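Colleague: Under our numbering, residues 1 to 451 are what the sequence shown spells out, in order. Beta carbons are placed, not taken as given, at the ideal position from N, Cα and C, and that holds for glycine. Small disclaimer: the values here were computed from a predicted structure and weren't measured.
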Amino acid sequence: MATSTQQFQVELYQEHLDEASFLYEQRLVYLHDPEVNWSDLGDWEERFEAHIDALVVGGELALDVCRQQAADGDAGEMHAALRVFCRQNQKDDAFAVLDALDPTDEEAVRAAAQALCCETPTSWRDDLQRAFQGDQPQLTPVMARVIGYRRLPSEELLKSKLTARPSFGSADSAWALGRVGSAESWPVLRPLLDSDDELVCEAAAIALLRLGDDQPLQRAMLAAPAHPWARRVLGIGGNSASVRMLLDVLKGQSADEAAVVALGLLGDLGAVAPLVDLLDDDDLSEPAAVALNTITGAGLYTDVFLQDEFDPDELLDEEREAYERDGTVPTRDDGQPLGDWEHRPLLEKAEWRAWLDQNKQRFSREHCWRMGTPYGPMALFECLRSETSPYSVRVATYEELVVRYGLDVPFEVELRVSQQVRFLRKIEDWVTLQSGKFTSGRRYFAGRVQG
1 MATSTQQFQV
11 ELYQEHLDEA
21 SFLYEQRLVY
31 LHDPEVNWSD
41 LGDWEERFEA
51 HIDALVVGGE
61 LALDVCRQQA
71 ADGDAGEMHA
81 ALRVFCRQNQ
91 KDDAFAVLDA
101 LDPTDEEAVR
111 AAAQALCCET
121 PTSWRDDLQR
131 AFQGDQPQLT
141 PVMARVIGYR
151 RLPSEELLKS
161 KLTARPSFGS
171 ADSAWALGRV
181 GSAESWPVLR
191 PLLDSDDELV
201 CEAAAIALLR
211 LGDDQPLQRA
221 MLAAPAHPWA
231 RRVLGIGGNS
241 ASVRMLLDVL
251 KGQSADEAAV
261 VALGLLGDLG
271 AVAPLVDLLD
281 DDDLSEPAAV
291 ALNTITGAGL
301 YTDVFLQDEF
311 DPDELLDEER
321 EAYERDGTVP
331 TRDDGQPLGD
341 WEHRPLLEKA
351 EWRAWLDQNK
361 QRFSREHCWR
371 MGTPYGPMAL
381 FECLRSETSP
391 YSVRVATYEE
401 LVVRYGLDVP
411 FEVELRVSQQ
421 VRFLRKIEDW
431 VTLQSGKFTS
441 GRRYFAGRVQ
451 G
């Protein structure tokens with residue numbers, strides 16, 4: 001119990017940080033949940049924002065609580081505290097948190113990076129770049145993310161860091177270089193394709209594709225039989241030969257979600273029947289349904305009820321007795337079971353085959369497809385904007401727009417919903433200007449038709 005007004009305020013600010021931490025973590029989970037529409041995250045973001053606002057207006061006392069919890073709390077509390085420090089222009093406090101980061105704690109590194117990506121004041125840019133140049137390994141992945149996310153002109157800094165082969169943050173630095181670099185960075189990025197770290201290989205490959213280098217596609221074709229990173233790369237920039245390679249992967253023992261989603265992205269009708277065959281596969285049925293919807297635009301979904309699971313030890317005595325007697329579990333007041341409905345891609349083969357049979361006249365094997373429309377900038381834009389496109393498809397679709405057509409509008413699917421909506425309007429304007437420049441249904445790389 002609070003014994004003074006100040007103690008009451010301290011506890012209130014601690015509660016704001018605790019709630020902000022929960023909302024940060026929950027949004028992160030939902031961001032990657034294929035059953036959650038991306039625009040629905042806006043409600044969570046508004047709730048999170050209310051707690052950050054309360055801490056900002058709390059003045060010095062709230063800052064003291066943030067300092068304490070940034071040091072002693074969980075990653076979510078540290079994330080929230082960093083955002084407050086940025087808004088209050090408390091640079092020393094922010095860098096004290098960064099100096100204490102454990103570079104092996106991926107959760108904390110991600111939380112710090114996301115906070116700075118969203119909130120870093122423009123006036124801190126030189127300080128961030130100096131920190132990136134320094135010899136503190138925990139800062140490399142954080143600062144690289146900020147540089148790439150904020151599109152800070154730092155190509156030479158990133159090249160120097162990667163040339164020095166840092167112990168941490170190579171993947172993040174390659175990712176950033178793909179966003180702020182040029183063809184002059186090819187010689188620095190290409191050796192990373194030989195890395196033993198798949199995250200580094202993938203980040204370097206996609207960065208090179210974004211910068212107009214197709215060499216990673218050749219490397220990915222060689223690596224795809226054994227490596228998921230290569231399959232994802234082929235989904236973003238591959239051609240008809242990539243489709244054949246990925247179909248061969250599906251026939252083998254190493255078939256995985258990466259290969260399935262990549263086939264959905266490439267949009268070849270020859271992949272439809274093999275994907276339908278996967279709808280009864282325990283591990284690949286949902287990715288296969290996502291891929292089918294991505295190609296055809298069928299929009300075949302179903303609502304599935306997931307009943308809550310119970311720990312008998314947590315039931316009330318009366319509930320426990322009923323459960324042990326005949327398996328009766330607690331219900332809602334109306335007698336319905338406790339649980340949630342989830343909107344999922346349809347997994348029924350018969351219904352998919354019926355839809356495909358009814359709609360086959362809409363499609364031509366001479367074209368590749370995205371959501372039922374011949375592949376092209378507008379089809380990709382509609383996929384990126386679609387409420388039902390899951391995280392993995394949206395991430396790849398944005399990269400496709402850059403790699404294949406040269407989109408120059410900055411965008412990330414991790415942006416707040418309100419920011420995404422604003423940038424999507426700019427992307428739509430850009431796509432409209434491309435009308436007539438590209439042949440629908442054909443794949444391109446760096447603005448040129450692929451073979």
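(1) Given Gly76, which residues of its chain have a CB within under 6 Å of its CB, disregarding the five upstream and five downstream residues?
(2) Nearest to Thr140 by alpha carbon, out of Leu41, Arg150, Leu157 and His367?
(3) Do Leu265 and Gly235 come within 8 Å of each other at the CB atom, strictly closer than that value?
(4) Since Pro374 sits in a beta bridge, which residues does DSSP pair it with?
(5) What residue range does the alpha helix (DSSP H) around Asn239 cover?
(6) Taking only three categories from DSSP, how would you classify Thr302?
(7) Can the beta-carbon of Val142 be found closer than 8 Å to that of Thr120?
(8) In chain order, what residues of the same chain lie with their CB nearer than 7 Å to the CB of Lys91, ignoring the 5 residues before and after it?
(9) Taking all protein chains shown into account, do 16 or more other C-beta atoms lie within 10 angstroms of the C-beta of Lys504, making it buried, or fewer, making it exposed?
(10) Which partner residues does Phe445 have in the DSSP bridge list?
(11) Let me confirm a value: Leu130 is counted as buried when at least 16 other C-beta atoms fall within 10 Å, else exposed. Which label applies?
(12) Do we get a CB-CB distance below 8 Å when we pair Ser440 with the residues of chain C?
(13) Can you grab the Cα-Cα spacing for the pair Phe381 / Lys349, in whole Å?
(14) Note down the Cα distance separating Glu202 from Gly59, rounded to an integer number of angstroms.
(15) For Glu366, I'd like the list of residues in its chain whose CB is within less than 8 Å of its CB, leaving aside the five on either flank, ordered along the chain.
(16) Distance check for Asp248 and Phe95, CA to CA, integer angstroms please.
(17) Cα separation between Leu211 and Arg179?
(18) If we count the other Cβ atoms within 10 Å of its Cβ and call it buried at 16 or more, is His343 buried or exposed?
(19) Going straight from the alpha carbon of Thr104 to that of Asp277, what length do you get?
(20) Give me the residue from Arg165, Cys117 and Asp213 with the minimum Cα distance to Asp135.
(21) In its own chain, which residues sit with a C-beta less than 8 Å from the C-beta of Leu110, not counting the 5 before and 5 after it?
Modeller: Well, looking at it:
(1) In chain order, Ser21, Tyr24 and Glu25 place their CB closer than 6 Å to the CB of Gly76, counting only its own chain and leaving out the 5 sequence neighbours on each side.
(2) The residue with the shortest Cα to Cα distance from Thr140 is Leu157.
(3) Contact flag set, yes.
(4) According to DSSP, Pro374 bridges with Trp369.
(5) Asn239 -> no alpha helix (DSSP H), and no H or E assigned at all.
(6) Note: Thr302 maps to strand in three-state DSSP.
(7) Going by C-beta atoms, Val142 is not nearer than 8 Å to Thr120.
(8) The residues are Trp124 and Asp127.
(9) Because the chain is modelled from 1 through 451, residue 504 falls outside the range shown and cannot be assessed.
(10) Its beta-bridge partners are Arg448.
(11) It should be pointed out that residue 130 corresponds to Arg in this sequence rather than to Leu. It counts as exposed.
(12) Of the chains in the structure shown, none is chain C; there is only one protein chain.
(13) Rounded to the nearest angstrom, the two C-alpha atoms are 29 Å apart.
(14) Their backbone Cα atoms lie some 44 Å apart in a straight line.
(15) The residues are Gly441.
(16) Computed Cα separation, rounded: 50 Å.
(17) The alpha-carbon atoms of Leu211 and Arg179 are separated by roughly 8 Å.
(18) With fewer than 16 other CB atoms across the displayed protein chains lying within 10 angstroms of its CB, His343 is exposed.
(19) Across the structure, Thr104 and Asp277 are spaced so that their CA atoms are roughly 41 Å apart.
(20) Closest by alpha carbon: Arg165.
(21) The sequence shown places Arg at residue 110, rather than the Leu named in the question. Same-chain partners within the cutoff: Ala75.
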